[in-house]
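Residue numbers (full-length UniProt numbering): 1 to 156.
Ideal Cβ positions, reconstructed from N, Cα and C, are used throughout, including at glycine.
Just so you know, these numbers come straight off a predicted model, no measurement behind them.
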C-alpha cells in the first residue's frame with residue numbers, strides 16, 4: 001500500500017494540477033474578457049462614428065435648408081422688385097401716353113388757332129381791300145367830274 005508521504009505527494013500533485021488548471025481557466029477568462037471589451041470598444045467607437053456622421057448630416061441638411069430658404073427669400077424679393085419695376089414702367093408708359101395725347105391736343109389747338117388767325121387775316125385783308133375800294137369810289141364821286149374841255153386856242 002502506498003505510504004502516507006506518497007499519498008501526500010500525490011495529493012500535492014493533484015492540488016498543483018488543479019491550481020494550474022484554475023490558472024489556465026482564469027487566463028482564458030481574462031483573454032475572453034479582453035476580447036469582449038475590445039469588441040465592445042470597437043462597437044462603441046463605430047456607434048460614435050455613426051452618430052457623429054448622422055449629426056454631420058443633420059447639420060448639413062439644416063445648412064442646406066437654410067440656404068434654400070435664403071435663396072427662396074431672395075427669389076421672392078427679386079420677384080417683388082420685378083413687379084415694382086413693371087408697375088413703374090406701366091406708370092411711365094401711361095404718363096408718356098398721356099403726355100403724347102396732351103401734346104397732340106396742344107398741337108391740334110395750335111393748328112386750329114393758326115387756322116383761325118389765318119382766316120382772320122384773310123378777312124381783315126378782304127375788309128381792307130373792300131374799304132380801299134369804297135374809299136376810292138367815294139373819292140371819285142366827291143370830286144367834280146372833269147369835262148373834256150377843248151383847249152382854247154390862244155388868241156393871236
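*Tell me which same chain residues have a C-beta within less than 7 Å of the C-beta of residue 88, skipping the five on either side of it?*
Around residue 88: no qualifying Cβ.
*asked:* Can you give me the C-alpha to C-alpha distance between residue 133 and residue 108, rounded to a whole angstrom?
replied: Near 37 Å, if we compare the C-alpha coordinates of residue 108 and residue 133.
*Does the beta carbon of residue 23 come closer than 8 Å to any beta carbon on chain D?*
The chain labelled as chain D is not found in the depicted structure, where only one protein chain is given.
*What number of angstroms, rounded off, separates the C-alpha of residue 112 from the C-alpha of residue 95?*
Residue 112 and residue 95 have their alpha carbons spaced roughly 25 Å apart.
*Could you give the DSSP three-state label for residue 142: helix, strand or coil?*
The answer is helix: DSSP assigns residue 142 an H, G or I state.
*Rounded to whole angstroms, what's the CA-CA distance from residue 118 to residue 127? Just pull it up for me.*
Distance from the CA of residue 118 to the CA of residue 127, rounded to the nearest whole angstrom, comes to 14 Å.
*Helix, strand or coil: which one does DSSP assign to residue 1?*
Taken through DSSP and simplified to helix, strand or coil, residue 1 comes out as coil.
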